[in-house]
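First up is the structure itself, then whatever we jot down about it.
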Amino acid sequence: TVASFLGSQGYHCGVVGKWHLGLGFAKKSESNEDLDFSKPVNGGPNALGFDESYVIPASLDFPPYVFVQNGAVTEQPSIDQPAVKFPAFVRAGPRSSDFVLEDCLDILLKQAVSFIDANANQQKPFFLYFPLTAPHKPVLPHPRFRGKTELGPYGDFVVQVDWTVGQVLKALDDADVADETLVVYSSDNGSFMYRLDETEADHVADNTIQGFRDDHHTANHIFRGTKADIWEAGHHVPFLARWPGRIKPGSQCDTTICLTDFFATAGEIVGADPPDGAAPDSYSLLPLFDSNPDQHKRPPVIHHSAAGMFAIRDGEWKLVLGNGSGGRQLPRGKPFERPFQLFNLANDLREQHEVLKQHPDIAARLEQACEAIRAGSSGE
């Protein structure tokens, strides 16, 4: 992992926030599926290279609702959390009294700032991974942020997220380490909010509605679809980086990258190659940070929807190996069912004009490249 690699290079590594990568909760007995929260939680961040961890087991809408600090639950669950519908969407399950859903983001922020304060002036450099629980469901802005926008709870929640990130940057400033710290802020997928027709009621009119009209808000910019789709709204997300003295403030780059590229970037920063077999799909972003896009060389990027729809992006071209969204947006279609769909994102970022018939040679090349990458990743 990035943490185990950076740890081997002398970094002190911490994670605060959403884990959702599996945790080994003990069971009360072999015949009883109930969890024993009094026992250590195995297989978490501390087993994967992190020196410190303060996490929740999954997204904020999944039980059990407990904090896990360095492999131990901070407080035993004593509350039966009922299921709640959107926008405060949560599933039923056990919850501890110190786990207050509306306070969760603030609690995690406090832990993140504490990590920065404790490590800023140590001899060891530090790496903090801070996966936020918001603006993922449940849409539960803290009371002090309610009404901050005219876009309903979701808009208020986004404002709280912005404020939270600002507090992290402030903590770096206050600790006098901002000038020597690379900050990367991105997302693993787009928003779950749909784009609705101008005649429809939306989240502004009724906060139980999961979508916005364009004249109120575009949660996924101009992109087609939503989270989980193979369309650009599913995966085309902002990637913001701040590194004083290295990255020119306000500069922009439209080169296609992938979040996997962070591993190789970290390696080049510390002057060490990833271990053999690690991060084979990672390519350093330093040329882009230095405004030298011509020096950034990487193979095509693979997309994958929630329902298994593949796509491949190479330069301006994107081929969808299926006949629908592969996610939430209709038509969902089926993976690898023809006709496939080809888009030129240089002049059709909204993916409105399918051009496979006009460019069959490009579609064939991309299909072959995607299948070769898939075969290589599966060991075939």
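Numbering (the working numbering), first residue to last: 2 to 381. Don't be surprised by glycine CBs; every beta carbon is placed ideally from N, CA and C. Being a predicted model, the structure only gives us computed values, none of them experimental.
If I follow the unbroken alpha helix (DSSP H) through Y155, where does it start and stop?
G153 to D175
Is Q82 helix, strand or coil by DSSP?
strand
Taking DSSP as the reference, what is the three-state secondary structure of H236?
helix
What does the alpha-carbon distance come out to for the pair S192 and Q161?
16 Å
What does the Cβ neighbour count give for E387, buried or exposed, with the cut at 16 atoms within 10 Å?
This structure does not reach residue 387, given that the chain is present from 2 up to 381, and the question cannot be answered.
Would you list the one or two residues that DSSP bridges to V16?
S54 and Y130
Mark A373 as exposed unless 16 or more other C-beta atoms lie within 10 angstroms of its C-beta, in which case mark it buried.
Taking every protein chain shown into account, the CB of A373 has fewer than 16 other CB atoms within 10 angstroms, so this residue is exposed.
Can you tell me which of H305, L106 and L197 puts its alpha carbon nearest to the alpha carbon of R375?
H305
Pick out whichever of F63, D37 and R196 has its Cα sitting closest to the Cα of A89.
F63
Which word fits T134, buried or exposed, when buried means at least 16 other C-beta atoms lie within 10 angstroms of its C-beta?
With 16 or more Cβ atoms within 10 Å of its Cβ, T134 is classed as buried.
Using DSSP with H/G/I as helix, E/B as strand and the rest coil, what is A373?
Note: A373 maps to helix in three-state DSSP.
For V17, which residues in the same chain have their Cβ closer than 6 Å to its Cβ, ignoring the five residues on either side in sequence?
Y55, L109, Q112, A113 and F131.
Would you decide whether S285 is buried or exposed? Buried here means 16 or more other CB atoms lie within 10 Å of its CB.
buried
Where does P336 fall in DSSP's three states?
strand
Since L61 and H143 are thought to touch, with beta carbons under 8 Å apart, how far apart are those beta carbons, to the nearest angstrom?
With a Cβ gap of about 13 Å, L61 and H143 do not count as contacting.
Give the DSSP-derived three-state secondary structure of F146 in the structure shown.
helix
Could you tell me the distance, in whole angstroms, from the CA atom of F128 to the CA atom of L7?
Those two C-alpha atoms are separated by around 8 Å.
What runs of the beta strand (DSSP E), each 3 residues or longer, lie entirely inside the region 227–280?
241–243
If you follow the alpha helix (DSSP H) that V356 is in, where does it begin and where does it stop?
V356 -> no alpha helix (DSSP H), and no H or E assigned at all.
Considering only the beta carbon of each residue, do P239 and S292 sit closer than 8 Å?
Not closer than 8 Å, so no.
Report yes or no: do the region 220–234 and the region 243–262 share at least 3 C-beta pairs separated by less than 8 Å?
no
What residues in its chain sit with their C-beta under 8 Å from that of L322, if we drop five residues either side in the sequence?
M310, F311, A312, I313, P336, F337, F341, E368 and C371
Does the beta-carbon distance from P294 to T256 come in below 8 Å?
yes
Span of the alpha helix (DSSP H) holding G8?
V3 to S9
Using beta-carbon positions only, say whether R214 and E352 come within less than 8 Å of one another.
Going by C-beta atoms, R214 is not nearer than 8 Å to E352.
Give me the residue from K319, D189, R366 and F116 with the minimum Cα distance to E355.
E355 has its Cα closest to that of K319, out of K319, D189, R366 and F116.
Rounded to whole angstroms, what is the Cα-Cα separation between G212 and H204?
6 Å
Taking the beta carbon of T266 as the centre, do at least 16 other beta carbons fall within 10 Å, making it buried, or is it exposed?
buried
Measuring CB to CB, does F68 end up less than 8 Å from D99?
Taking 8 Å as the Cβ cut-off, F68 and D99 qualify as a contacting pair.
Whose CA, out of D189, D282 and P139, lies closest to the CA of V85?
P139
Should Q10 and S39 be called a contact, given that it needs their Cβ atoms to be closer than 8 Å?
No, they are not a contact pair.
What's the gap between the Cα of E381 and the Cα of I270?
Residue placement at E381 cannot be trusted, given a pLDDT of 45 that sits under 50; what the coordinates show is reported in the next sentence. Approximately 33 Å between the Cα atoms of the pair.
Short of 6 Å in beta carbon distance, which residues of its chain neighbour D177, apart from the five on each side in sequence? Order them along the chain.
none
Only counting the same chain, and skipping five residues up and downstream in sequence, which positions put a Cβ closer than 7 Å to that of A220?
S192, M194 and F213
V114 by DSSP, collapsed to three states: which one?
helix
Give the DSSP-derived three-state secondary structure of S285 in the structure shown.
coil
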